[in-house]
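Enquirer:
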Amino acid sequence: MFLELNSGLGLLVLVFLVFVLFKLFRILREYERAVIFTLGRYTGTKGPGLIIVIPFLQHALRVDMRVVTLDIPPQDVISRDNVSVQVNAVVYFRVVDPGKAIIQVERYLEATSQLAQTTLRAVLGKHELDEMLAEREKLNQDVQTILDAQTDGWGIKVTNVEIKDIGLNETMVRAMARQAEAERERRAKVIHAEGERQAARALADAANTLAQEPSAMQLRYLETLAQVAGDKSSTLVFPIPIDLLAGFMGPSRPPRPEADQ
């Protein structure tokens, strides 16, 4: 019976030693770190590779160091010009200090998500709708700067923020389409008026040049005749101004004086 107790005790000791050895060694991947607590107190960060954790005295929490892609659900935002839009975005961040990420905040993923939603609404609410649509890169940078500053105490680095979509209701879409159409019509009228002004200036310059040389007007008239003669019409009526014929005629003779009576 004594041998049976010794064999049973030895088996228990063996099982206990195997359990201790199993808990003593941990293998961490390249992107993992272990936050070590000894008797409840933070004593450091270990990894990657093979680490030793003393069972019953130390406790290890694994932390992923890779970049996390956090999707921000659509947020109802009222712009500075009182336009209601729905905005969703994506945040890229990573843990740079595992100790702070575990100690300073309870669940850093959830905390970062809630902070990103609040910051997105606060930043976009300070801008008008046109600024949201035209200056998206600047808004991304503003949101990233604010998030990075607020999560620095949690050991988190926000690397990038991208606004994916700005949703508008149908009424606002139609209003913006009418505005864009009116803007295009305005530009077309301005361009047409500018063309008319340039054409009028060119015609005025040409008229001044022709007025300085009467023979130039005659040459222009003959050139016009040549262009019209190229048409296939059988009958051609072309007016000839009297002033033009005066250039082809010789100088007019002075009136003959009346004989003295």
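If you count by the working numbering, then the sequence shown holds residues 246 to 506, one letter each, in order. Note that CB positions come from ideal geometry on N, CA and C, so glycine has one too. Given the structure is predicted, the values throughout are model-derived calculations rather than measurements.
Using a threshold of 8 Å, state whether the C-beta atoms of VAL280 and PRO343 are closer than that.
Expert: One-based indexing of the sequence shown puts residue 280 at position 35. One-based indexing of the sequence shown puts residue 343 at position 98. Yes; because the gap between Cβ atoms is below 8 Å, this pair is in contact.
Enquirer: Less than 7 Å between C-beta atoms, sequence neighbours within five positions excluded: which residues of the same chain meet that for PHE270?
Expert: Within the sequence shown, residue 270 is the residue found at index 25, counting from 1. If we look at PHE270 and ignore the five residues flanking it on each side, its Cβ neighbours are LEU295, ILE297.
Enquirer: Rounded to a whole number of angstroms, what is the C-alpha to C-alpha distance between HIS437 and GLN424?
Expert: Here residue 437 refers to the residue found at position 192 of the sequence shown. Here residue 424 refers to the residue found at position 179 of the sequence shown. Their backbone Cα atoms lie some 20 Å apart in a straight line.
Enquirer: Could you give the residue range of the beta strand (DSSP E) that holds GLY289?
Expert: Along the sequence shown, read from residue 1 onward, the residue named residue 289 stands at position 44. Residues 286-291.
Enquirer: Leaving out the 5 sequence neighbours to the left and right, which residues in its chain are closer than 8 Å to HIS372 when beta-carbon positions are compared?
Expert: As a first step, residue 372 is located in the sequence shown; it is residue number 127 there, counting from the start. Cβ within range, chain order: SER324, ARG325, GLU380, LEU384.
Enquirer: Whole angstroms is fine: what's the gap from LEU306's alpha carbon to LEU365's?
Expert: Residue numbering aside, residue 306 sits at position 61 when the sequence shown is read from its first letter. Residue numbering aside, residue 365 sits at position 120 when the sequence shown is read from its first letter. Approximately 31 Å, taken between the alpha carbons.
Enquirer: Express the C-alpha separation of ARG419 and PRO318 in angstroms, rounding to a whole number.
Expert: Against the sequence shown, residue 318 aligns to sequence position 73. Against the sequence shown, residue 419 aligns to sequence position 174. When rounded, the distance between both Cα atoms is 25 Å.
Enquirer: Per DSSP, THR314 is paired with what?
Expert: Here residue 314 refers to the residue found at position 69 when the sequence shown is read from its first residue. TYR337, per the DSSP bridge assignment.
Enquirer: To the nearest angstrom, how far is it from the Cα of ARG274 to the Cα of GLN303?
Expert: Stepping through the sequence shown from its first residue, residue 274 is reached at position 29. Stepping through the sequence shown from its first residue, residue 303 is reached at position 58. In a straight line, the C-alpha of ARG274 is about 20 Å away from that of GLN303.
Enquirer: Out of GLU351, THR396, GLN472, VAL330, state which residue places its alpha-carbon closest to the alpha-carbon of PHE338.
Expert: Here the question's residue 338 lines up with position 93 in the sequence shown. Closest by alpha carbon: THR396.
Enquirer: How is the alpha helix (DSSP H) around GLN386 delimited, first residue to last?
Expert: As a first step, residue 386 must be located in the sequence shown, where it is residue number 141. Counting along the chain, the alpha helix (DSSP H) containing GLN386 begins and ends at 381-396.
Enquirer: Have a look at PHE204 and GLY292 and give me their C-alpha separation to the nearest angstrom.
Expert: In the structure displayed, the chain extends from 246 to 506; residue 204 sits before or after that span and is not available.
Enquirer: Looking only at C-alpha atoms, which of GLN457, ARG286, GLU355, GLN331 sits nearest to LEU413?
Expert: To locate residue 413, count along the sequence shown from 1; it is residue 168. Cα-wise, what sits closest to LEU413 is GLN331.
Enquirer: Name the two residues that bound the continuous alpha helix (DSSP H) containing GLN362.
Expert: To locate residue 362, count along the sequence shown from 1; it is residue 117. Its alpha helix (DSSP H) spans residues 353-369.
Enquirer: Per DSSP, ASN405 forms a beta bridge with which residues?
Expert: Within the sequence shown, residue 405 is the residue found at index 160, counting from 1. In the DSSP output, where bridge partners are listed per residue, ASN405 has TYR337.
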